[in-house]
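Everything in the sequence shown is counted per my numbering, starting at 1051 for the first residue and increasing by one. Cβ atoms here follow ideal geometry from the backbone N, Cα and C, with glycine treated the same way. Bear in mind the structure is a predicted one, so any value in this text is a computation, not a measurement. Before any comments, here is the structure.
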Amino acid sequence: MLKIILPTIMLLPTALLSPQKFLWTNTTAYSLLIAFLSLQWSAPTYYPLKNSTQWTGIDQISSPLLILSCWLLPLMMLASQNHIQHEPLTRKRTFITTLIAIQPLIILAFSTTELMLFYISFEATLIPTLILITRWGNQPERLSAGIYLLFYTLISSLPLLVTILYLHTQIGTLHLTMLKLTHPTPMTSWTHLLSSLALLMAFMVKAPLYGLHLWLPKAHVEAPIAGSMLLAALLLKLGGYGIMRVTILTGPISNHLHYPFLALALWGALMTSSICLRQTDLKSLIAYSSVSHMGLVIAASMIQTHWSFSGAMILMISHGLTSSMLFCLANTNYERTHSRILLLTRGLQPLLPLMAIWWLLANLTNMALPPTTNLMAELTIMIALFNWSTPTILLTGAATFLTASYTLFMLLTTQRGTLPNHITSVQNSNTREHLLMTLHTIPMLLLILKPEIISGFPL
């Protein structure tokens, strides 16, 4: 554990002290090295927790997410080189430092076995994200987006803090391994209901559940590319991970809590997919698509079966890679045309033919085409939901149909059609962007060969 956290913290002096010429080279190469080191966590474990200090431990639920968060740091740095390049050196250093500061916090949040520490790191990831959005966003609306993000997260997570403290007074410990051993304390029914609701609510906002998702499109649209990748690939997964951890903890949830959340999640998957069909803004479209995917994750982790947990786990990882790649592609378009409106950036295939391949690949994985882990995840989740209640097949089926249609709509509008008249000269796609897309695609295609790594089961 420490052999990843300490190098990650030592990235800070690297970013602050590297000479200007080697700033990007040093930080990116070093973080890639850490990412390769973190692959050791994917080794199978037969114990509930492995290489744990007193307050951290890694099991099958957290190890894929940890590897994903380590993997994405170099990719975020690669992606943001272009739009930071004209800024003064101190600002570049601040930007890289902000990116690196999030990393140990996310690693802590995913690997901690103590609820209070989990809460602290869960909240602490908010601060660097806010700095990224409100300082390096592209438009003046970024301030309102930052306020949305801050207030949604804070208002939802204060009840979580109160409930964690209440649990501590009831049980006397907040250690996850100890909580599994203690007998559930007999609470009155409405206390139990309220505490489970408060525990779930913070993660529902983070994940986002449909109805509590309004901060997400705003934050995504206004954030710089690194902020978008971070939000889509890691911070939404904190919500899903929290739900999986807490539902195991509180025992079987009462049906009063089950039904509204499940109904909202599945209905939300349907609604956000249909909202995507009417989007004019490319980044907003990708943001809404991630709401619909995370709706499936929420629905799966609410019914608490082995199959559904495994499906939710695989979907979280594959969605992290796919949506991050889509944001990178949207950003390459934005850097060339300086517009996110779909009508103004259409017909780019003849101009950037190599980028069209990456667009096709990313969109096919987003649609869950057969050789991808997205398909495996969606099928697992659908079967688990169908087994739990038959009519859900209508909702999930309609959601996948709509997903395919808006993805094809996005692909056709960006790549096909007549070129708008105002685009006269476009900068070529460069090696850095191709490397970035390759590093997103390789894990996506390789994971299907051994999906047990990310399925959340002891192998």
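Only residues of its own chain outside the window of five on either side were considered, and among them Leu-1379, Leu-1461, Thr-1464 and Gln-1465 have a CB closer than 7 angstroms to the CB of Trp-1409, listed in chain order. Put simply, of Trp-1121, Pro-1154 and Thr-1355 the residue whose alpha carbon is nearest the alpha carbon of Ser-1092 is Trp-1121. Cβ atoms of Ala-1129 and Leu-1155 stay farther apart than 8 angstroms, at about 20 angstroms. Closest by C-alpha distance to Asn-1188, out of Leu-1499, Thr-1147, Gly-1277 and Pro-1209, is Gly-1277. Here Pro-1403 is exposed: its Cβ has fewer than 16 other Cβ atoms, across all protein chains shown, within 10 Å.
Residue range 1305 to 1326 is occupied by the alpha helix (DSSP H) that includes Gly-1318. His-1263 carries a coil assignment under DSSP once its states are collapsed to helix, strand and coil.
Under the DSSP assignment, Ile-1183 falls in the alpha helix (DSSP H) whose first and last residues are 1176 to 1186. Here Asp-1109 is not bridged, per DSSP, to any residue.
One alpha carbon belongs to Met-1363, the other to Ala-1427, and they sit about 8 angstroms apart.
Within its own chain, the residues whose Cβ lies closer than 8 angstroms to the Cβ of Thr-1322, once the five positions on either side in sequence are excluded, are Tyr-1260, His-1263, Tyr-1338, Ser-1339, Val-1341, Ser-1342 and Gly-1345, listed in chain order. Judged by beta-carbon spacing, Arg-1396 lies beyond the 7 angstroms limit of Gly-1289, meaning their Cβ atoms are not closer than that value. For Glu-1164, the secondary structure class from DSSP, reduced to helix, strand or coil, is strand.
Apart from the 5 residues on each side of it in sequence, Ala-1454 sits with its Cβ closer than 6 angstroms to the Cβ of Met-1417 in its chain, given in chain order. Ranking Gly-1292, Phe-1507 and Ala-1449 by CA distance to the CA of Ala-1248 puts Gly-1292 first. A residue is called buried when at least 16 other Cβ atoms come within 10 angstroms of its Cβ; Ala-1257 meets this threshold and is buried. Relative to the Cα of Ala-1449, the nearest Cα in the group Ala-1065, Ile-1146, Pro-1178 and Ile-1325 belongs to Ile-1325. Classified as exposed, His-1233 has fewer than 16 neighbouring CB atoms from the shown chains inside 10 Å of its CB. Ile-1177 sits away from Leu-1061, with the two beta carbons spaced by 7 angstroms or more.
Here the segment 1420 to 1436 lies against the segment 1349 to 1367, with 3 or more beta-carbon pairs under 8 angstroms apart. Beta bridge pairing from DSSP links Ile-1391 with Asp-1331. Assigned with DSSP and collapsed to three states, Lys-1256 falls in helix.
DSSP, reduced to helix, strand and coil, places His-1242 within a helical segment of the structure shown. Under DSSP, Lys-1100 takes part in a beta bridge, and its partners are Ile-1108.
Annotation for Asn-1076: the continuous alpha helix (DSSP H) segment containing it runs 1073 to 1087. About 5 angstroms separates the beta carbons of Leu-1115 and Phe-1160, which is inside the 8 angstroms limit, making them a contact pair.
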